[in-house]
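These notes concern the structure reproduced below.
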Amino acid sequence: MVATTETDIVVIGAGAAGLMCAATAAYQGHRVLLLDHANKAGKKILMSGGGRCNFTNLNTTPEHFVSANPHFCKSALKRYTPWHFVELVERHGIEHVEKAPGQLFCADSSKEILGVLLTECEWAGAEIALNTAIKRVAKSADGFTLTTSTGVVSCQKLVVACGGLSIPTMGATGFGYQLAEQFGLSVLPTRAGLVPFTLQPDDKAWLSELSGISTEVVARTASAEFAEPMLITHRGLSGPAMLQVSSFWMPGQAVTVDWLPQLEDPVAELVSERQQHPNRSLERWLRQYFSQRLASAITEQFGWQGNLQQFSNERLGAVAATLKGWDFKPSGTEGYRTAEVTLGGVDTDAISSKNFEVKSVPGLHFIGEVLDVTGQLGGFNFQWAWASGWCTGMML
Ligand code: FDA
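Per the working numbering, the sequence shown starts with residue 8, numbered consecutively.
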């Protein structure tokens with residue numbers, strides 16, 4: 008980049024949404040400059056999906072997103088669907104696999120998805136400038152002037168695709184929120200989402216011994232429930248069930264875990280087991296459903312030692328109630344350090360759902376995760392990045 012540059016469009020943030028937007032806008036014939044302070048584009052794409060990028064979900068609906076305005080995402084998701092992205096990926100010859108219903112991952116590596124986007128930017132003629140810190144953004148008579156660490160850039164339109172606060176070590180900053188506030192927009196309170204829970208000392212004491220064990224559960228908060236695996240870690244509770252629920256959890260609330268979602272009526276099972284095998288331990292019964300270590304830890308934690316004949320109907324009822332609805336109060340979450348997403352963000356009320364333009368500031372657009380639109384686990388967040396990036400790129 009030369010000391011003073013003039014261009015049609017500047018996109019700040021070479022992540023998923025910014026790359027998609029830059030390529031799409033450049034294909035429309037605009038001169039596009041994509042700026043990022045990081046030394047590499049698309050770092051989160053590279054680390055996503057355990058290195059294989061869960062790049063979309065074929066079952067995407069607006070209901071998979073959390074936002075103060077649940078209608079906002081509808082238009083873009085309808086105009087740029089998962090099948091559009093699949094078509095792009097296949098056009099580049101990338102093999103993919105459906106790991107769980109609707110969840111598409113690269114068969115090989117998430118590098119391939121970043122490769123698709125960088126290639127598209129190159130083919131379309133969008134320029135990418137990395138290692139570029141943006142010091143100041145000012146509105147000019149016919150656009151915007153950006154003072155950066157490498158020079159001054161003026162442009163007619165500015166797209167903010169800075170993402171959220173998750174994983175600061177990957178380049179995440181609150182810059183998009185600062186820009187929103189500078190232009191008079193409100194930013195809804197942010198918090199870490201899709202993030203592991205940390206535990207109160209009592210729960211941590213028995214569960215951290217079981218680090219590495221995963222079991223299918225149903226996890227619930229006041230407003231949502233998910234049937235997914237739960238992973239016990241040395242820091243707390245993680246795995247898809249906990250990550251999903253974390254996006255609906257508020258500090259101070261309890262999370263309820265059904266440890267035996269496969270059993271509708273454990274009391275009946277327990278009573279029948281007691282009748283057939285009165286001398287067997289409750290732990291042995293639990294071992295049908297859990298690993299030996301977990302069955303033994305649960306037995307000890309809840310004081311369920313002894314043979315089944317020692318358990319009254321009432322006590323078996325209490326055992327079943329605990330297994331079907333164990334409440335724990337997280338001490339918190341692991342926060343932005345490990346969160347996959349940031350909930351909250353730029354209030355969508357001020358933004359057009361068609362071209363993502365700020366209604367009160369023509370030429371200024373916000374896309375991707377910086378907005379108050381957050382997807383559930385399963386490829387929805389990338390689909391939002393692609394959809395918001397593409398819709399904006401088409402209409403600049
Ligand atoms: P993104 O965060 O991708 O990009 C923002 C860009 O802005 C970055 O390049 C950053 O460097 C740049 N930037 C920030 N501040 C700046 C500043 N001040 N100046 C210049 N540039 C600045 N989703 C999904 O659908 N499937 C998955 O498999 C996963 N997996 C996953 C794993 C992990 C570990 C994480 C952390 C996240 C996921 N996600 C995911 C979520 C997904 O990565 C996320 O929602 C999208 O990357 C958001 O795209 P954006 O382009 O909005 O932001």
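Cβ atoms here follow ideal geometry from the backbone N, Cα and C, with glycine treated the same way.
Predicted model, so just to flag it, every value in this text is computed and none were measured.
(Q) So residue 342 and residue 199 are supposed to be a Cβ contact under 8 Å. How far apart are they, rounded? (A) 5 Å between Cβ atoms; contact.
Q) Taking just the CA atoms, how far does residue 157 sit from residue 373? A) If I take the Cα positions, the gap works out to 23 Å.
Q | Counted within 10 angstroms of its Cβ, other Cβ atoms place residue 71 as buried (16 or more) or exposed | A | So residue 71 ends up on the buried side.
Q: Specify whether the stretch 163-175 and the stretch 11-26 touch according to this definition: at least 3 beta carbon pairs, one from each stretch, less than 8 Å apart.
A: Yes: at least three Cβ pairs fall under 8 Å.
Q | Residue from 272, 117, 61 with nearest C-alpha to residue 108 | A | Nearest C-alpha to residue 108 among 272, 117, 61: 61.
Q: Under 8 Å by Cβ, that's how I've got residue 59 and residue 117 pegged, so tell me the actual separation to the nearest angstrom.
A: Confirmed, Cβ separation roughly 6 Å.
Q) Does DSSP classify residue 207 as helix, strand or coil? A) DSSP, read as helix, strand or coil, puts residue 207 in coil.
Q.
Which same chain residues end up closer than 7 Å to residue 9 when comparing Cβ atoms and leaving out the 5 residues on each side of it in sequence?
A. With a pLDDT of only 49 at residue 9, under the threshold of 50, the placement of this residue in the model should not be trusted; the figure read from the coordinates follows. The answer, listed in chain order, is 158.
Q. Closest to residue 94 by CA distance: which of 335, 69, 63 is it?
A. Checking every option, the nearest Cα to that of residue 94 belongs to 63.
**Q.** Neighbourhood of residue 309 by C-beta, 8 Å cutoff - its chain only, sequence neighbours within 5 removed
**A.** 326, 329.
Q) What is the rounded straight-line gap between the Cα of residue 389 and the Cα of residue 138? A) Each residue's alpha carbon lies about 24 Å from the other.
Q. So is the beta-carbon of residue 173 under 7 Å away from any non-hydrogen atom of ligand 1?
A. At least one heavy atom of ligand 1 falls within 7 Å of the beta-carbon of residue 173.
Q) With 16 as the cutoff for other CB atoms within 10 Å, does residue 104 come out buried or exposed? A) By the 16-neighbour rule on beta-carbons within 10 angstroms, residue 104 is exposed.
Q: Please name the residue, chosen from 240, 227, 184, 153, that lies closest to residue 210 on a Cα-to-Cα basis.
A: Nearest to residue 210 by C-alpha distance, out of 240, 227, 184, 153, is 240.
Q) So residue 264 packs on residue 333, CB below 8 Å; how close in whole Å? A) Right, their Cβ atoms sit about 5 Å apart.
**Q.** Contact check, residue 352 vs residue 379, beta carbons under 8 Å
**A.** Their beta carbons are under 8 Å apart, which means residue 352 touches residue 379 by this criterion.
Q | Entirely enclosed beta strand (DSSP E) segments - the stretch 75-118, minimum 3 residues | A | Within the stretch 75-118, the complete beta strand (DSSP E) runs of at least 3 residues are 103-107, 110-113.
Q) Quick one: what's got a C-beta closer than 8 Å to residue 339's C-beta in the same chain, skipping five residues either side? A) In chain order, 204, 205, 258 place their CB closer than 8 Å to the CB of residue 339, counting only its own chain and leaving out the 5 sequence neighbours on each side.
Q: Check whether the Cβ atoms of residue 331 and residue 247 sit closer than 8 Å, and answer yes or no.
A: No, they are not a contact pair.
Q. Quick one: does the C-beta of residue 275 sit closer than 7 Å to a heavy atom of ligand 1?
A. Taking 7 Å as the cut-off, one finds no heavy atom of ligand 1 near enough to the beta carbon of residue 275.
Q: For the stretch 205-290, list the beta strand (DSSP E) runs that are entirely contained and at least 3 residues long, ordered along the chain.
A: As summarised for the stretch 205-290, the continuous beta strand (DSSP E) elements at least 3 residues long and confined to that stretch are 221-227, 232-239, 243-245, 262-265, given in chain order.
Q) What are the start and end residues of the beta strand (DSSP E) that includes residue 142? A) Run containing residue 142: 141-147, per the beta strand (DSSP E) assignment.
Q) Does ligand 1 have even one heavy atom less than 7 Å from the beta-carbon of residue 118? A) No, Cβ of residue 118 sits at least 7 Å from all heavy atoms of ligand 1.
Q: List the endpoints of the continuous beta strand (DSSP E) containing residue 64.
A: First-last of the beta strand (DSSP E) with residue 64: 61-64.
Q) So does the stretch 266-280 actually touch the stretch 361-376, counting three or more Cβ pairs closer than 8 Å? A) In the pairwise beta carbon analysis, the stretch 266-280 is classified as not touching the stretch 361-376: fewer than three pairs are separated by under 8 Å.
Q. Which same chain residues, not among the five before or five after residue 282, have their C-beta less than 6 Å away from its C-beta?
A. Taken in chain order, the list of residues that qualify is empty.
Q. Taking the C-alpha atoms as reference points, what is the distance between residue 214 and residue 243?
A. Approximately 7 Å between the Cα atoms of the pair.
Q | Three CB pairs or more closer than 8 Å across the stretch 84-91 and the stretch 125-143 | A | Taking 8 Å as the limit for Cβ pairs, the verdict is that the stretch 125-143 does not touch the stretch 84-91.
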